[in-house]
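J.:
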Amino acid sequence: MTDVPLHRTASFSPIRFLRPLIGPVSAVVVAFVIGGLLVALLGQNPLTVYGLLLSGSLVGWANLSVTLQLTTPLIFTGLAVAMAFRAGIWNVGVEGQMLMGALAAGIAGYALPVPAPFHVPLCIVAAAIGGALWAAIPALLRVYLNVNELVICLMLNPTALLVTGYVATHPLKAPGPTNKLPDILDSARFTNYSIFSQLNTGIFVAVALCVAFAIFNRSTVRGFEWKLIGLNPRFAHYGGIRVRRDVLTIMMASGAVGGLAGAEQVLGVYGAFYDNFSPGYGFDGIAVAMLAGNHPLGVIVAAFLFGALNSGSSVLQMELGISKYLVQVLQFIVVLILAAKFSFAFLKRRSPDDRVPPASPVPQSGQSHVTET
Amino acid sequence: MDGSHLVAMRGIVKYFGDFVAIHDASIDIRPGEIHALVGENGAGKSTLMNLLYGLLPRTGGEILLRGRPVHFSSPAEAIASGIGMVHQHFKLAPSFTVAENIIVGSEPVKSFARLDLKAAEEQTAALSKRFGLDLDPRAVVSTLPVGLRQRVEILKALYRDAEVLILDEPTAVLTPQETHELFRTMRVLADSGRSVIFITHKLREVLAASDRISVMRQGRIVTTRDNDGVTAEQIASLMVGRSVLLRVNKVEAKPDPEPALIIRNLTVRSDRGATAVDGLSLQVRPREIVGLAGVQGNGQDELVESIAGLRRPVSGHIAICGVEPATADPRASRQAGLAYIPADRGRVGLSLQSAIWENMTLGHQNEFRRGPLLRAAAARLRTRELIRRFDVRGAREDTPAGALSGGNQQKVQLARELTRSAPLIIAEQPSQGVDIGAIESIHRMLVTMRDDGRAVFVVSADLDEIFSLCDRILVIYRGRIVGDFDSRTVDVEEVGRLMGGITDGHDGHHADGGTGLPNVAAEMRVGQ
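Chains A and B, in that order, are what the protein sequence lines are. The letter at position 347 of the first sequence is residue 347 when you use my numbering, and the numbering goes up by one with no holes. The letter at position 525 of the second sequence is residue 898 when you use my numbering, and the numbering goes up by one with no holes.
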């Protein structure tokens with residue numbers, strides 16, 4: 001260790017901080033260009049359409065508050081997905097966890113007469129537990145039986161819809177023609193902030209959670225360990241991190257946040273659990289997390305973008321008669337680009353490995369995505 | 374044009390962006406010679422050959438093949454002109470047979486464009502017979518050991534009439550016996566008038582196998598000379614630009630009596646369920662370096678994984694510093710006092726996408742813990758110190774570990790593990806894929822650790838390393854320890870025989886021509 005070290009001068013470069021933004025920003029730009037071409041094919045001026053999309057979602061409190069209302073559930077579900085993805089766990093079951101959380105919040109909201117200051121927290125906790133328990137099913141299967149969580153999560157989404165639907169149409173159905181639970185008590189309601197929309201306290205909860213997880217990821221030992229599990233689980237295991245236990249924890253924490261998305265819908269938007277209320281917020285959360293690069297603060301931005309697109313699309317439909325599905329096309333293109341980039345990187349990482357015969361004792365600089373527990 | 378050159382590369386220059394990878398390099402390849410291209414990792418050996426093979430476009434210079442200038446824009450063109458290359462990572466379809474792999478891309482066909490598999494098998498058999506490369510054309514590649522897969526690659530090039538065969542680090546994945554056979558094959562090819570270019574950084578192999586030697590350093594060919602009266606030390610100093618110690622300077626070991634690692638009657642199964650470690654017992658004491666010599670696949674991996682808690686043994690006892698840690702729990706093994714440097718850096722020992730500071734902080738979290746918080750700034754500062762202390766080149770604390778060369782990745786692992794206050798150090802293949810300069814400093818680090826009172830257990834497929842580094846040598850064969858020697862009183866041949874499972878002591882053969890490689894009969898390879 002007496003060798004002369006090779007000295008490198010440290011240079012500060014703003015590019016290092018901007019680099020993570022290149023991917024998502026270019027994906028969005030490309031999506032908008034392709035979307036513009038589609039609009040032009042439909043005989044409309046793309047600039048007019050995009051201008052209307054922008055003003056219809058952001059200009060004026062009425063439009064903005066709708067955007068914010070639609071952003072809120074996406075922050076929750078995006079964060080839930082991002083937490084799991086960052087640790088290399090494929091929790092694509094946030095839709096189901098949200099439904100379970102919503103059901104739990106809906107029951108706690110009407111069936112438990114608790115004094116006002118405690119009712120909302122109680123419902124939130126119930127929703128978190130509901131989501132976490134639903135997430136525990138794939139987590140336990142993965143940790144103890146090595147079953148791929150992605151498949152289980154996908155199967156549990158429709159299962160959750162059917163289970164909650166059964167509860168809302170049979171045992172706990174409120175009187176009347178609608179398949180819903182009885183309205184929650186006023187003491188369980190979030191405060192509404194707009195006469196134009198159902199914007200509610202939930203958005204503050206959502207943003208606060210994102211900030212909390214950003215700090216957690218950056219500054220805690222656990223956050224450090226979870227990141228290593230995501231990047232190389234075998235390395236984490238070798239280094240003494242309790243990977244099994246942590247995977248279980250992460251999955252359930254992710255499910256709890258997913259459950260909170262349901263609480264926000266019940267306590268802040270609908271005031272009761274309605275059967276089949278979700279237009280797929282849990283799935284959109286996957287797109288949000290991908291666009292955000294799994295960064296909690298990026299989730300806020302990405303959720304706002306998708307929220308604005310959704311809210312602007314109704315204006316678009318009203319004013320120009322352009323189908324609101326145009327916006328979904330844009331979202332899908334964004335996801336496709338990000339997914340393509342992702343799988344490309346995945347393949348690039350894997351390919352050197354695949355060429356090494358399995359019996360080879362030589363370590364290679366490839367990074368396999370093998371999960372180890 | 375000088376007719377004696379099959380290939381001439383003149384004034385080759387290659388830029389990667391601003392980085393000069395090849396700097397005015399010239400090399401001539403004669404027909405019928407084995408030409409070793411040596412140099413440290415990153416010296417530009419593979420890059421130069423990739424330029425010849427058409428994998429990379431060159432920035433400047435010219436390549437003459439049989440006196441005529443050529444421009445290959447793809448390997449396909451190079452192959453068509455009679456240049457073949459066997460890469461470090463084989464490019465074979467594991468589920469295909471040998472014959473299928475060899476003919477793929479230029480398949481013999483019957484009428485109606487039907488694949489003529491029979492012809493393919495016959496051609497393969499004829500080819501392997503002609504070059505003495507014993508291979509069953511119908512064997513499925515995934516069932517073959519590494520050495521045979523390499524033969525498939527070589528045959529594949531020969532099937533395409535390669536006159537120049539480039540072998541990129543061919544021995545990196547081979548056992549000593551397989552290496553020996555490869556050298557024989559290379560000689561057969563050279564005798565048939567073909568040229569073999571042999572890329573390596575192992576000096577013994579260069580001296581044992583080549584006719585001429587070209588040394589590369591920092592993108593230049595610093596010399597080309599006949600392999601005649603050249604010594605390993607001379608080549609080594611040409612490679613690194615200074616003289617290096619090929620043997621480790623160390624004082625005599627004075628081991629403490631109380632062992633830091635005790636293994637008793639340990640039995641471990643491999644992934645396939647075979648008994649890999651078979652009732653094995655051994656001890657490693659503080660203040661000694663014990664080397665485990667053996668042909669790959671005789672249970673070393675399973676043994677080390679069991680000690681490290683990465684594999685659950687079937688039966689037996691492992692005690693680290695007097696404690697029997699819970700089985701299959703890496704955390705418990707570490708807490709008992711183990712520091713482990715795994716051979717598989719890319720998948721186990723490092724997270725290649727993570728920054729160096731993250732790689733160096735795993736296992737040290739408690740030193741940087743303040744309540745639930747991680748003092749990342751302090752962890753980075755320590756990493757910066759370790760980068761200096763362990764001489765990790767070209768690195769800052771935020772550099773991803775995957776951006777480093779093999780030797781520097783190894784130093785990152787060492788820095789992390791050796792700075793833990795663990796009395797027992799297990800280093801698995803510590804110098805694999807590491808260049809000479811770095812091997813020297815890694816060996817010195819391990820000796821320093823020994824002198825500091827730690828127990829060091831080295832598992833290595835490299836007998837040179839075992840002999841120069843270790844105080845005591847254990848030989849493993851089929852999951853059992855079959856020999857236990859003081860390294861000063863045993864010779865390479867004896868250890869080599871035991872590695873091959875020969876216990877009568879004299880089989881009448883000796884290692885030839887000073888290769889230092891144990892001369893073990895070919896059938897031993899099958900036994901692994």
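Where is the CB? At the ideal position from N, CA and C, for every residue including glycine. Predicted model only: the values in this text are computed from it and were never measured.
Quick check: the segment 289-303 of chain A against the segment 159-175 of chain A, are at least 3 beta-carbon pairs closer than 8 Å?
T.: Contact between the segment 159-175 of chain A and the segment 289-303 of chain A is absent, with fewer than three C-beta pairs closer than 8 Å.
J.: How big is the Cα-Cα spacing for residue 178 (chain A) and residue 171 (chain A)?
T.: 14 Å
J.: Note down, in chain order, all residues in the segment 220-251 of chain A with a beta-carbon under 9 Å from any beta-carbon belonging to chain B.
T.: 220, 221, 222, 223, 224, 225, 227, 228, 231, 232, 234, 235, 236, 237, 238, 239, 240, 241 and 242
J.: Is DSSP giving residue 73 (chain A) helix, strand or coil here?
T.: helix
J.: Give the range of the alpha helix (DSSP H) segment to which residue 523 (chain B) is assigned.
T.: Following the DSSP letters along the chain, one finds residue 523 (chain B) inside the alpha helix (DSSP H) bounded by residues 519-532.
J.: Does the beta-carbon distance from residue 789 (chain B) to residue 735 (chain B) come in below 9 Å?
T.: Yes, Cβ-Cβ distance for residue 789 (chain B) and residue 735 (chain B) is below 9 Å.
J.: Do you know offhand how far residue 571 (chain B)'s Cα is from residue 589 (chain B)'s?
T.: 13 Å
J.: Could you give the C-beta distance for residue 316 (chain A) and residue 322 (chain A), rounded to a whole number, given that I count them as a contact under 8 Å?
T.: 5 Å
J.: Secondary structure at residue 498 (chain B), three-state DSSP: helix, strand or coil?
T.: helix
J.: Along the chain, where does the alpha helix (DSSP H) containing residue 420 (chain B) start, and where does it finish?
T.: 418-425
J.: So, under 8 Å CB-CB, residue 338 (chain A) and residue 27 (chain A) are touching, yes? Tell me the CB distance rounded to an integer number of Å.
T.: 5 Å
J.: Roughly how many angstroms lie between the CA atoms of residue 311 (chain A) and residue 448 (chain B), to the nearest whole one?
T.: 54 Å
J.: Measuring alpha carbon to alpha carbon, tell me which of A:20, A:43 and A:19 ends up nearest residue 320 (chain A).
T.: A:43
J.: Around the Cβ of residue 844 (chain B), are there at least 16 other Cβ atoms within 10 angstroms (buried) or fewer (exposed)?
T.: buried
J.: Check the Cβ of residue 727 (chain B) against every Cβ in chain A and list those closer than 7 Å, keeping chain order.
T.: 228 and 231
J.: Excluding five sequence neighbours on each side, which residues of the same chain lie with their C-beta closer than 6 Å to the C-beta of residue 858 (chain B)?
T.: Cβ neighbours of residue 858 (chain B) beyond the five flanking positions: 846.
J.: In chain A, which residues lie less than 7 Å from residue 621 (chain B) when you measure between Cβ atoms?
T.: Here the premise fails: no neighbours, minimum Cβ distance about 14 Å.
J.: Which bits of chain E does residue 736 (chain B) rub up against, with CB to CB less than 8 Å?
T.: Absent from the structure: chain E. Protein chains present are A and B.
J.: With distance defined between alpha-carbon atoms, name the residue in A:217, A:37 and A:206 nearest to residue 85 (chain A).
T.: A:217
J.: Under a three-way DSSP split, which group does residue 853 (chain B) fall into?
T.: strand
J.: Just the Cα atoms here: how many angstroms apart are residue 107 (chain A) and residue 61 (chain A)?
T.: 33 Å
J.: Would you call the CB atoms of residue 124 (chain A) and residue 205 (chain A) closer than 9 Å?
T.: Going by C-beta atoms, residue 124 (chain A) is nearer than 9 Å to residue 205 (chain A).
J.: Can you give me the start and stop residues for the beta strand (DSSP E) that residue 588 (chain B) sits inside?
T.: Residues 585-590.
J.: Contact criterion: CB-CB distance below 9 Å. Does residue 86 (chain A) meet it with respect to chain B?
T.: no
J.: Within the same chain, show all residues whose beta-carbon is closer than 8 Å to that of residue 393 (chain B), passing over the 5 residues directly before and after it, in chain order.
T.: 386, 387 and 592
J.: Of all Cβ atoms in chain B, is any one closer than 9 Å to the Cβ of residue 19 (chain A)?
T.: no
J.: Below 8 Å on C-beta distance, what does residue 745 (chain B) contact in chain A?
T.: Residues of chain A passing the Cβ test: 220, 221 and 222.
J.: On the three-state DSSP scale, how would you describe residue 663 (chain B)?
T.: strand
J.: How should residue 784 (chain B) be labelled, buried or exposed, when 16 other C-beta atoms within 10 angstroms of its C-beta is the threshold for buried?
T.: buried
J.: Is it true that the CB of residue 578 (chain B) sits closer than 9 Å to the CB of residue 552 (chain B)?
T.: yes
J.: Three or more beta-carbon pairs under 8 Å between the segment 714-726 of chain B and the segment 755-762 of chain B, yes or no?
T.: no
J.: Is any beta-carbon of chain A found at less than 9 Å from that of residue 903 (chain B)?
T.: What is shown of chain B runs 374 to 901, which leaves residue 903 (chain B) out entirely.
J.: Tell me the start and end of each unbroken alpha helix (DSSP H) in the segment 105-155 of chain A that is at least 4 residues and wholly inside, in chain order.
T.: 116-145
J.: How about residue 638 (chain B) and residue 654 (chain B): are their beta carbons less than 9 Å apart?
T.: yes
J.: Note down, in chain order, each residue of its chain lying with its Cβ closer than 7 Å to the Cβ of residue 285 (chain A), except the 5 sequence neighbours on either side.
T.: 74, 77, 78, 80, 81 and 94
J.: Hey, could you find the ends of the beta strand (DSSP E) residue 539 (chain B) is sitting in?
T.: 537-541
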